[in-house]
Amino acid sequence: MGNKNMSSVLDISNRGYVEAPAGCGKTYLIAETVRDSLGKYLILTHTHSGVQSLKVKLNTLGVSNSRFYIDTLSSFAYRYASAYPKISGMSSNQLDYQDMFHEVFPAAEKFFRSRHGSSILKNSYTAVLVDEYQDCSIEQHKLILAITEILPCIVFGDSLQAIFNFHGSMVEWSTHVTSNFDKIPFQNIPHRWVNAGSAALGEWLLDARMRLIQGLPLNINQPFINRIDPGTDLQKVTRKICSNMASLPLEETIAVLSPDQPRSRYLAQRLGHTYTSIEPIEAPDLFAAAERLDTAVGAQRAYELINFASRCTTKIGTELKSILKRLAVGDIEFKNITKHAEARSVIIDVARSDDPTFMINALNTIKKIGYVHRKDMYYGMIRALNIARISNNKSLRDAVRSSRRLASIVGRYPLKRVISYTLLLKGLEFDHVLITEPEKMSKESLYVALTRGARTLSIISSTNELVPVDDTQTKGRKQQQLSLGI
Numbered sequence: 285m286g287n288k289n290m291s292s293v294l295d296i297s298n299r300g301y302v303e304a305p306a307g308c309g310k311t312y313l314i315a316e317t318v319r320d321s322l323g324k325y326l327i328l329t330h331t332h333s334g335v336q337s338l339k340v341k342l343n344t345l346g347v348s349n350s351r352f353y354i355d356t357l358s359s360f361a362y363r364y365a366s367a368y369p370k371i372s373g374m375s376s377n378q379l380d381y382q383d384m385f386h387e388v389f390p391a392a393e394k395f396f397r398s399r400h401g402s403s404i405l406k407n408s409y410t411a412v413l414v415d416e417y418q419d420c421s422i423e424q425h426k427l428i429l430a431i432t433e434i435l436p437c438i439v440f441g442d443s444l445q446a447i448f449n450f451h452g453s454m455v456e457w458s459t460h461v462t463s464n465f466d467k468i469p470f471q472n473i474p475h476r477w478v479n480a481g482s483a484a485l486g487e488w489l490l491d492a493r494m495r496l497i498q499g500l501p502l503n504i505n506q507p508f509i510n511r512i513d514p515g516t517d518l519q520k521v522t523r524k525i526c527s528n529m530a531s532l533p534l535e536e537t538i539a540v541l542s543p544d545q546p547r548s549r550y551l552a553q554r555l556g557h558t559y560t561s562i563e564p565i566e567a568p569d570l571f572a573a574a575e576r577l578d579t580a581v582g583a584q585r586a587y588e589l590i591n592f593a594s595r596c597t598t599k600i601g602t603e604l605k606s607i608l609k610r611l612a613v614g615d616i617e618f619k620n621i622t623k624h625a626e627a628r629s630v631i632i633d634v635a636r637s638d639d640p641t642f643m644i645n646a647l648n649t650i651k652k653i654g655y656v657h658r659k660d661m662y663y664g665m666i667r668a669l670n671i672a673r674i675s676n677n678k679s680l681r682d683a684v685r686s687s688r689r690l691a692s693i694v695g696r697y698p699l700k701r702v703i704s705y706t707l708l709l710k711g712l713e714f715d716h717v718l719i720t721e722p723e724k725m726s727k728e729s730l731y732v733a734l735t736r737g738a739r740t741l742s743i744i745s746s747t748n749e750l751v752p753v754d755d756t757q758t759k760g761r762k763q764q765q766l767s768l769g770i
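First residue of the sequence shown? That's 285 in the working numbering, and the numbers climb one at a time after it.
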């Protein structure tokens, strides 16, 4: 089958799968399937960036919101398992993220295997489309199999983009997918790069995918790839290239990809007013800061708030160093410190009162000292403080939970200049991409990174041949960085 009249996928099989390389129109196929078919579709994926990408495609094709419902698998499972605990057997609706795979997915599976759960799905949707299926855990796979007994279901994915490592075993495309779903033919055309005027890069990426699958090195000495030698100072070269790229027209999007979160955050902090880092939706750092603020009193509360701000904003740690030293020993009498008088005043208010209003004022004031490079975390705290202020007795940690759930529904606001790592940018597209330290990426992460940019691809590497690291070396890191979609 060519990639035309895509509504026919459900005519081929009531339980099928489409495997397609990145940028070849898989997301567009999902949107076309909904547009050209009747009824309402349930569309599931793993990340909020994936939800956002699908919504953009559907809106571009003019598909009415009444024709589909998009959610992450985690959020979808949680919603029904927690709403019907007597049927699902779920013990609590206040689960920590590490409990998701032990309780929520089996509970959701149990619910949808019940007569009531089956009836809800049948009466709500015509069919189910699941994107990024290669990232499913075994528990999620079992949930989808339960749903396929109720509704027609097509799953979409790419085995080389399996970069998640959920708590537990992951699906194997060659066994779990091919044995439970019928293959739907798909023509691999690198639409993303053809449409951007960089067809040669797109064709090279198709070949690169096959080489990575076969365990072969990639030759990046290509006319359409800008390879930069890091020399003896990788960080200096990276900052220089990022600064140069920032001069591109503002309407053009840029992503800088590092092997992991610490490296991307370090780089964002040192690039001044240009780039922003992206936080995992479960925001462990934000929850930890909220817990510390919940228990802190007096000067310690003010200290924790400034300490939080310093991790999100440049200059805070140095500009407010004297105040931090006083607060660390319980001293709030620092009127003789003349620097940043406005900030000093609001910080004293925080030390003297636990009213969230004072903490909001403090964060809005001290951010003027530097540049907020972790916007999602910084403004997420302000949103949570507002929720705590309105709800009176709600703890800040609970307010953060409410805020993050709202963020998961609304989605992220689009960013023009981002620094991140593959887990958080998977499924997103950018005009220009710069990859740093590719030799520290697994073949899956490297492939995802290589395929994010549509117009230009720049790679900082000391060699023309890229050899990915063994996946076992990155597995622990991936599990720690997992962004659950709830």
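Each residue gets a CB set at the ideal place from its N, CA and C atoms; glycine is no exception.
When secondary structure is reduced to three states using DSSP, Asn-464 falls in the coil class, being assigned neither helix nor strand.
Under the three-state reduction of DSSP output, Gly-737 falls in the strand class. DSSP, read as helix, strand or coil, puts Ala-683 in helix. Contact between Thr-598 and His-657 holds: their C-beta atoms lie close to 6 Å from each other, under 8 Å. His-716 is the residue among Lys-609, His-716, Leu-589, Arg-523 whose C-alpha sits nearest the C-alpha of Thr-537.
In the three-state reduction of the DSSP assignment, Ser-729 falls in the helix class.
Sequence-distant Cβ neighbours of Arg-688 in its own chain, meaning closer than 8 Å and more than five residues away, are Ile-565, Glu-566, Ala-567, Leu-570, Gly-664. For Gly-300, no alpha helix (DSSP H) run applies; the uninterrupted beta strand (DSSP E) run containing it begins and ends at 299–303, by DSSP. Boundaries of the alpha helix (DSSP H) harbouring Phe-592: 582–596, taken from the DSSP string. Segment contact: the stretch 734–744 against the stretch 360–373, fewer than three CB-CB distances shorter than 8 Å; contact not assigned. It is roughly 33 Å from the alpha-carbon of Pro-752 to the alpha-carbon of Ala-315. The alpha-carbon separation between Thr-432 and Ile-447 amounts to approximately 25 Å. About 6 Å separates the CB atoms of Leu-326 and Tyr-353; that is less than 8 Å, so the two are in contact. Taking 8 Å as the cut-off, the Cβ atoms of Tyr-417 and Gly-441 count as close. By the criterion of a C-beta distance shorter than 7 Å, Asp-419 is surrounded in its chain by His-330, Ala-446, Phe-448, once the five residues flanking it on both sides are discounted. Distances from the alpha-carbon of Tyr-655 to those of His-557, Glu-423, Cys-437 put His-557 closest.
The beta carbons of Trp-477 and Gly-307 sit about 6 Å from each other, so the pair counts as a contact at 8 Å. For Asp-633, the enclosing alpha helix (DSSP H) starts and ends at 625–636. Its Cα nearest to that of Ala-635, the residue Arg-585 stands out among Arg-585, Phe-592, Leu-647.
Ranking Leu-500, Val-613, Phe-508 by CA distance to the CA of Ala-480 puts Phe-508 first. A direct Cα-Cα distance of roughly 13 Å separates Gln-498 from Leu-490. Between Phe-470 and Ala-304, the C-beta gap is smaller than 8 Å, which places the two residues in contact.
Going by beta carbons, Phe-396 and Ser-402 fall inside the 8 Å limit. Counting along the chain, Tyr-353 sits inside the beta strand (DSSP E) bounded by residues 352–356.
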